[in-house]
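Chains as they are written, first to last, in my numbering: chain A, 595 to 917; chain B, 16 to 755.
Accompanying notes for the structure given below.
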């Protein structure tokens, strides 16, 4: 495998192959959701984290486990409850003998599924989010590096309101991409039900890529070429969201940077060493829609997500693609 | 500029225009004006909702009521009606500005400013008014457009952005704070529009040919029926003369007769030479008016009354005589008679030389007649003050030919009338003393009434002098004229108007139908005709001249508005139009010659400095070329948006193909990416879609990737050709199918 310093286009040929294998692996267990899988892998490549907003029972856990299994990495699941404490995530120092010993929490894994993140208190949420953004945790003056690659798949159920602590916009911003899995298509669901008798599908997944390759790929994401023309196009869209009448706060500079990185990662996923307008356009909704604030009138209707996505789509359809 | 701020700003602009248009008249109390100004400025900083609203609004309401009551009281106790109105408007404006919250309050502010502007029309006739009026027009356009937008927004809470989206609520606060609605473009655009409309309207007003206002206004303006004045006098009727305040004519007069002296001017109109059967007539034997025309200025003609002088006078002398007299500019309403009025005694009538004045055949007894259908404007020069008493006493007793008819009296005049006349004038030696004696006798011994009774079989003058001993002006003047004639003094009865009402708002005398009057003129040889009025004067003052009651002042105000309208809009006639165009042409031709002068000067200067100019031009061209090249190079380096468009051959080729496809009906929607476009075309089954898909990929690789254009270009060109071929083949195939 190539080194981190290798030029991006040398990586991409093999990378595409390896990533296709991951994709195919995961697709074996999550059927009918190729786009979601691709976005999840994009998030991984971009060193980001994924927020899945969906009702329970559509395969979130399966997706996370399949991804972890494909990478040959560790997988931990944290079920968020209202009484969960930060130490339940990060770990705790235990006094043993004459010294403290740090017992690592479930965050020390390659793929972490943070289930129903909006069920826990803001304090615990922010502990997780801090670990996500820093890539390390600090307990009692000691800093512990998290394992690499490190991907958090957080889920929240947007349909629930009681006893939840919705993530504020500033924290939503920590997630690179937000997706919905949604129900599978009718035929796919039919198929899933028919094959129900099979053994645990995750068990059939073999690691197809090693962790070093992943980190190398992650490093090569930033070498994916984005032309000035394309940056101009992206900026136009960002500015359009800032002008949008439906949004009170448009995409921030950090949001634009995240989008940029996601587009690079997506291009790499597609086996290209350069970005095309389609990368940006296709990622606009997943990468931007959770980073904007709706105006009060839009927000009050209780369909915040749809409204935000619509606003982003609106902005995209108002910006001409340069040719 | 934020929307709410822009709206507030334009509204205040409007407010200040109206404020200055009103206040710069200098009529309002300076203290109130300054206080109002400070309050208006203060209200800018004051946003009403800072205070508890109910109490705040209630306080303002109470104060408003108090101010209203105060204004009413001061108006009824003799304050200036209009001024109090103006000051009350100022108060209302301030109150509203302190309570502005929503659109409705702004609407009230607009109405108040408009009323202030209207009040300013009457009070302020200075140029400043015009300036602020123009400012108001522009500011009002801005403010009203923004007001309209704001109202639409505040009232309609649902908005539909596009067909595929449901209606959405309008976020009022956000829009009010938006900076994207009102910019420089809005202000410049709308002010240009309003100024253009204003200019075009003014131009149209000036340009539309004036065919004499009779054409447009005859129908409306001929309906004035006269009650007081008549072209003949018939004594012996019965009934009541009405006090009709309808304005018959308006007179602008020289300063010395302004104000309180105005009520004592006799506006002379019709004169009668023959009395018979209780009627005054203008007989065929009556001497015709002798007049001579001079042309003192271009476009003006003066008709001088020569009275008993039958020889032609040198025009200069006549003009000098007229210029020594008192000048009156008279706007006469259509009254149904062709006679023109002038302060007694008129020396000359001056008209705009536009319609070819002809003297009517019926002009007699030094009358001036001119047929006008819809009112007329003319100037009269009069010797208002009587000649001095001594010269009147010394006047020789001689009669010019034809003047014998002024000594006529009918045989039915009773002996006791003649006897009375002789008795009254027994002591008087001269004609003047006789006239004065009879005047004073009539004034002191008889009284005035408007209640008339039929004289029955008696001769009316006899009945008046000996039975009724009461009468109106026609009885007094008839009795005096006849009595003078019986004692051999040439006299005649004259009809016209006495005085009028002084209009303090615009400095003119409004003569009303109820001012109709009748008096006597006595002839003195070498001097002319002198006015004597035997009617008891206290009784004439019946229409309340210049009375300061609210109703009268209100009426005067309305009359001012009518007069202004008449004078400045309706009276703008063909003659004025022609003279305007003439002066315009003169000034234009003057300018043309000066332009020519400039041109030669410039030419000379150019010839002198040719080398320097060439050097400067050459340098600037060189610098711009250098700058352009630098920019080009910079764009080659890839800084700037869309920089590859111009330079990259792949991009050029791709765009050319796109353009050709667009011509064939496969236009790319601007927000669609090339890849999306290509997929859409494939789905649509466009001929050559697969080639286009490959071309799109090449384009992507060349433009966004690192691939070298030179390597990909040959393939791209052949793809482009095969796309064209695919189209041609399909077309031919279609044609073949069509043929077979």
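Cβ atoms here follow ideal geometry from the backbone N, Cα and C, with glycine treated the same way.
Please return the same chain residues whose Cβ sits closer than 6 Å to the Cβ of residue 118(B), not counting the five positions on each side in sequence.
Here residue 118(B) has 165, 166, 169 as same chain residues with Cβ atoms under 6 Å from its own Cβ, once five neighbours each way along the sequence are excluded.
At 3 residues or longer, what runs of the beta strand (DSSP E) sit wholly inside the stretch 284 to 365 of chain B?
If only uninterrupted beta strand (DSSP E) runs of at least 3 residues are considered, those enclosed by the stretch 284 to 365 of chain B are 289 to 291, 294 to 296, 306 to 309, 315 to 320, 341 to 347.
Own chain residues within Cβ distance below 7 Å of residue 127(B), not counting five before or after:
Excluding residues within five positions, the ones whose Cβ falls inside 7 Å are 104, 107, 108, 111.
Backbone CA spacing between residue 695(B) and residue 684(B) [nearest angstrom]
Approximately 11 Å between the Cα atoms of the pair.
How do the stretch 417 to 426 of chain B and the stretch 286 to 306 of chain B stand: do at least 3 beta-carbon pairs fall below 8 Å, yes or no?
Proximity of the stretch 417 to 426 of chain B to the stretch 286 to 306 of chain B meets the contact definition, three or more beta-carbon pairs being nearer than 8 Å.
Using a C-beta to C-beta distance shorter than 9 Å, which residues of chain A count as neighbours of residue 715(B)?
Near residue 715(B) (Cβ distances below 9 Å), the residues of chain A are 866, 868, 870, 871, 872.
Hey, is the stretch 701 to 709 of chain A in contact with the stretch 653 to 661 of chain A, meaning 3+ C-beta pairs nearer than 8 Å?
The count of Cβ pairs closer than 8 Å, one atom from the stretch 701 to 709 of chain A and one from the stretch 653 to 661 of chain A, reaches three, so the stretches are in contact.
Residues sharing a beta bridge with residue 51(B), DSSP
In the DSSP output, where bridge partners are listed per residue, residue 51(B) has none listed.
Counting only C-beta atoms, is residue 914(A) closer than 8 Å to chain B at any point?
Closer than 8 Å to some Cβ of chain B, the Cβ of residue 914(A) qualifies, so yes.
Nearest candidate by alpha-carbon position, reference residue 288(B), set 378(B), 326(B), 311(B):
Its Cα nearest to that of residue 288(B), the residue 378(B) stands out among 378(B), 326(B), 311(B).
Output the distance between the C-alpha atoms of residue 464(B) and residue 485(B), rounded to the nearest integer angstrom.
About 6 Å.
List the residues of chain A that residue 718(B) touches, going by C-beta distances under 8 Å, in chain order.
Within 8 Å of the CB of residue 718(B), the CB atoms of chain A belong to 821, 823, in sequence order along the chain.
Quick one: which unbroken beta strand (DSSP E) runs of 3-plus residues sit fully inside the stretch 837 to 870 of chain A? Chain order, please.
Fully enclosed beta strand (DSSP E) runs of no fewer than 3 residues occupy 841 to 843 of the stretch 837 to 870 of chain A, in order along the chain.
Close Cβ partners of residue 55(B) (< 8 Å) along its chain, the five nearest in sequence each way excluded
27, 30, 31, 34, 108, 109, 112, listed in sequence order.
Quick check on DSSP: helix, strand or coil for residue 428(B)?
Residue 428(B) falls in the coil class under three-state DSSP.
Distance between beta carbons of residue 636(A) and residue 771(A), contact taken as under 8 Å
Yes, they are in contact, since the Cβ atoms of residue 771(A) and residue 636(A) sit about 7 Å apart, within 8 Å.
What are the boundary residues of the alpha helix (DSSP H) that includes residue 692(B)?
Residue 692(B) -> alpha helix (DSSP H) spans 689 to 699.
If you reduce the DSSP assignment to three classes, tell me which class residue 443(B) lands in.
Annotated three-state conformation of residue 443(B) is coil, per DSSP.
Reference residue 468(B); option with closest CA among 205(B), 381(B), 701(B), 479(B)
Sorting 205(B), 381(B), 701(B), 479(B) by C-alpha distance to the C-alpha of residue 468(B) places 479(B) at the top.
In this structure, does DSSP put residue 232(B) in helix, strand or coil?
Interpretation of residue 232(B) is limited by its pLDDT of 34, a score under 50 that renders its predicted location unreliable; the figure taken from the coordinates is listed afterwards. Helix at residue 232(B).
Would you mind working out which of 733(B), 381(B), 702(B), 716(B) sits nearest residue 746(B), comparing C-alpha positions?
Of 733(B), 381(B), 702(B), 716(B), the residue nearest in Cα terms is 702(B).
Rounded C-alpha distance that separates residue 523(B) from residue 394(B):
Rounded to the nearest whole angstrom, the CA to CA distance from residue 523(B) to residue 394(B) is 14 Å.
Under 8 Å, Cβ to Cβ, is there at least one residue of chain B near residue 818(A)?
Cβ-Cβ to chain B under 8 Å: no for residue 818(A).
Do we get a CB-CB distance below 8 Å when we pair residue 632(A) with the residues of chain B?
No, its Cβ sits nowhere closer than 8 Å to a Cβ of chain B.
Classify residue 212(B) as buried or exposed, calling it buried when 16 or more other Cβ atoms lie within 10 Å of its own Cβ.
Burial state of residue 212(B) is exposed, judged by a 10 Å Cβ sphere holding fewer than 16 other Cβ atoms.
Within the 8 Å Cβ cut-off, does residue 724(B) reach chain A?
No - not a single Cβ of chain A is within 8 Å of the one on residue 724(B).
Tell me which residues share the same chain as residue 770(B) and place their Cβ nearer than 8 Å to its Cβ, disregarding the 5 neighbours each side in the sequence.
As displayed, chain B neither begins before 16 nor continues past 755, which places residue 770(B) out of reach and without an answer.
For residue 526(B) versus residue 354(B), is the C-beta spacing smaller than 8 Å?
For residue 526(B) and residue 354(B), no; Cβs fall outside 8 Å.
Would the beta-carbon of residue 508(B) fall within 8 Å of that of residue 535(B)?
Yes, the Cβ-Cβ distance between residue 508(B) and residue 535(B) is below 8 Å.
Using a beta-carbon distance below 8 Å, is residue 917(A) in contact with chain B?
With 8 Å as the cut-off, residue 917(A) counts as an interface residue toward chain B.
Quick one: which chain A residues come within Cβ less than 7 Å of residue 690(B)?
Contact note: residue 690(B) reaches chain A through 870, 872, using a C-beta cutoff of 7 Å and chain order.
How long is the line joining the alpha carbons of residue 114(B) and residue 57(B), rounded to whole angstroms?
One C-alpha to the other measures close to 12 Å.
DSSP three-state call for residue 807(A): helix, strand or coil?
For residue 807(A), the secondary structure class from DSSP, reduced to helix, strand or coil, is helix.
For residue 496(B), which beta-bridge partners are listed by DSSP?
Its beta-bridge partners do not exist; DSSP assigns none.
From 23(B), 69(B), 42(B), 39(B), pick the residue whose C-alpha is nearest to that of residue 59(B); which is it?
Selection 23(B), 69(B), 42(B), 39(B) evaluated against residue 59(B) yields 23(B) as nearest (Cα-Cα).
Per-residue DSSP class, three states only, for residue 36(B)
Note: residue 36(B) maps to helix in three-state DSSP.
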